[in-house]
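Working notes, structure below.
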Amino acid sequence: MNKKSAEPRVQEQLCRDVERVLFSADEIQDRVRGLGKQIDERYAGKELLLIAILKGSVVFIADLMRAITIPHEVDFLATSSYGASTSSTGIVRILKDLNEPIGGRHALLVEDIIDSGHTLAYLTRLFSARNPASLEVVTLLDKPSRREVEIDLFWTGFSVPDEFVIGYGLDFNQKYRNLPYIGVLKSEVYQPGSE
Ligand code: IMP
Ligand code: MG
Numbered sequence: 025m026n027k028k029s030a031e032p033r034v035q036e037q038l039c040r041d042v043e044r045v046l047f048s049a050d051e052i053q054d055r056v057r058g059l060g061k062q063i064d065e066r067y068a069g070k071e072l073l074l075i076a077i078l079k080g081s082v083v084f085i086a087d088l089m090r091a092i093t094i095p096h097e098v099d100f101l102a103t104s105s106y107g108a109s110t111s112s113t114g115i116v117r118i119l120k121d122l123n124e125p126i127g128g129r130h131a132l133l134v135e136d137i138i139d140s141g142h143t144l145a146y147l148t149r150l151f152s153a154r155n156p157a158s159l160e161v162v163t164l165l166d167k168p169s170r171r172e173v174e175i176d177l178f179w180t181g182f183s184v185p186d187e188f189v190i191g192y193g194l195d196f197n198q199k200y201r202n203l204p205y206i207g208v209l210k211s212e213v214y215q216p217g218s219e
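Quick note on the numbering used here: the sequence shown kicks off at 25 and runs consecutively.
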């Protein structure tokens, strides 16, 4: 068990559908601050545009943009989600495109989790064709054991095991995004009768 989950504050908030806590709110904040510093150094003096992929990365980008001290802009993109399933179909649909062109700008895609890699493989192809000055990815979580397509040029907050995770923006069936920590969803929630 993660030692932080023994803290009374976390215990109180522990949702009954959470198997265990992987990263506490404090651990996430520390890591996000670290990523903010790296981004400051990498993009100093450059025109940085953060692109959040809705909805999962909303909580992450809200903290990340405040951990970045250099001037930057943000834009939002919405893609189709899994619905009530826990695995990717490999088919990505754009529900809402960016408001601004990215040609000549340093674009940094902000993602909640890279799983099969299909979503980002599609999006990096799509955005490269718009001729940004650079195109990189920062993901809060990475599930490397599930990768089906190679993704390069990305920074990761934490690696996670092959389990379905929720909280800090990540959902199952649109719920649990408001949990302040990241936890593993109990399998009986998505596979009723599996206890
Ligand atoms: P991919 O296309 O398989 O890489 O999946 C990417 C998207 O699937 C992520 O941006 C998430 O929105 C969602 N996803 C993948 N794994 C999880 C998970 O464990 N919890 C919640 N959402 C997930
Ligand atoms: Mg996502």
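Virtual Cβ for every residue (Gly too), placed ideally from N, Cα, C.
Quantities reported herein were computed from a predicted structural model and do not represent experimental measurements.
* Asked: Got a sec: does ligand 1 put a non-hydrogen atom nearer than 8 Å to the Cβ of leucine 132?
  -> By 1-based counting over the sequence shown, the position of residue 132 is 108. Between ligand 1 and the CB of leucine 132, the shortest heavy atom gap is not smaller than 8 Å.
* So, using beta-carbon positions, are glycine 141 and arginine 171 closer together than 9 Å? -> What you label residue 141 is simply residue 117 of the sequence shown in a count that begins at 1. What you label residue 171 is simply residue 147 of the sequence shown in a count that begins at 1. Yes, the Cβ-Cβ distance between glycine 141 and arginine 171 is below 9 Å.
* Element boundaries [beta strand (DSSP E), containing leucine 122] -> Counting from one through the sequence shown, the residue named residue 122 turns up at place 98. The continuous stretches of beta strand (DSSP E) do not include leucine 122, and DSSP gives it neither H nor E.
* Asked: Among all the DSSP beta bridges, which residues are the ones paired with isoleucine 137?
  -> By one-based count along the sequence shown, residue 137 stands at place 113. Looking at the DSSP assignment, isoleucine 137 forms a beta bridge with Leu165.
* Scan the stretch 71-108 and note each continuous beta strand (DSSP E) run of 3 residues or more that stays entirely inside, going in chain order. => If you keep only unbroken beta strand (DSSP E) runs of at least 3 residues inside the stretch 71-108, you get 72-78, 96-103.
* Asked: In terms of alpha-carbon separation, which member of Pro204, Val208, Lys70 lies closest to isoleucine 52?
  -> One-based indexing of the sequence shown puts residue 52 at position 28. Nearest option by C-alpha distance: Pro204.
* Assuming phenylalanine 196 and leucine 209 form a contact by the criterion Cβ under 8 Å, report the distance between their Cβ atoms to the nearest whole angstrom. => As a working mapping, residue 196 is identified with position 172 in the sequence shown. As a working mapping, residue 209 is identified with position 185 in the sequence shown. Yes, phenylalanine 196 and leucine 209 are in contact; Cβ-Cβ is about 5 Å, under 8 Å.
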